[in-house]
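Encoded as structure tokens, the structure appears first; notes follow it.
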Amino acid sequence: AATPSPFSEASVLECQWKELEATFTLDRINAHDLIGKDVYVMCYGGDTARVATSVLRARGISASSVKGGYSALRKEIPHLQMSERGNGLSKQDWLNVSDVTA
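If you count the sequence shown from 1, position 90 lands on 95 in my numbering, and the numbers rise without skipping.
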């Protein structure tokens, strides 16, 4: 069974918040190394990424997530075009995806 949304179950939100706070520590992912960078967070359904984005923003980091997660992105992929140089998607391509939240 899927985990309930942290936005409908307070206990799930609390658990995810604490786990993500523990993730962004000096011995795991040092959040201070992310300061001054644009951080994009994605998960399968979008809810955990939203919580992670909140944890990062609480630490002063510019973070965004993709609303709806991977499934929403998969729906948008046919609309995305490769950059002219053939180097993959540019930052502007990602910003044009309708479900990216800032």
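Each residue gets a CB set at the ideal place from its N, CA and C atoms; glycine is no exception.
Item to complete: Compute the Euclidean distance between the alpha carbons of Ala-57 and Ser-16, then round it to the nearest angstrom.
Response: Mapped onto the sequence shown, residue 57 falls at position 52. Mapped onto the sequence shown, residue 16 falls at position 11. Rounded to the nearest angstrom, the two C-alpha atoms are 16 Å apart.
Fill in: Beta-carbon gap between Val-60 and Leu-25 smaller than 8 Å
What you label residue 60 is simply residue 55 of the sequence shown in a count that begins at 1. What you label residue 25 is simply residue 20 of the sequence shown in a count that begins at 1. Taking 8 Å as the Cβ cut-off, Val-60 and Leu-25 qualify as a contacting pair.
Discussion item. Do Gly-51 and Ala-77 have their beta-carbon atoms positioned less than 8 Å apart in this structure?
Written reply: Position 72 of the sequence shown, counted from the first residue, corresponds to residue 77. Position 46 of the sequence shown, counted from the first residue, corresponds to residue 51. Closer than 8 Å, so yes.
Worksheet entry | Where Tyr-45 falls: helix, strand or coil (DSSP) | Numbered from 1 along the sequence shown, position 40 holds the residue referred to as residue 45. Note: Tyr-45 maps to strand in three-state DSSP.
Discussion item. Quick check on this structure: which residue in Glu-19, Asp-43 and Thr-28 has the alpha carbon closest to the alpha carbon of Gly-65?
Written reply: Residue 65 sits at position 60 when you count from the first residue of the sequence shown. Of Glu-19, Asp-43 and Thr-28, the residue nearest in Cα terms is Asp-43.
Worksheet item: In the structure shown, what three-state DSSP assignment does Ser-76 receive?
Response: Taking the sequence shown and counting its residues from 1, the one referred to as residue 76 is at position 71. Ser-76 sits in a helix when the DSSP states are folded into three classes.
Item to complete: Provide the residue span of the alpha helix (DSSP H) that contains Ser-16, from first to last.
Response: If you number the sequence shown from 1, residue 16 lands on position 11. Note, Ser-16: alpha helix (DSSP H), 15–28.
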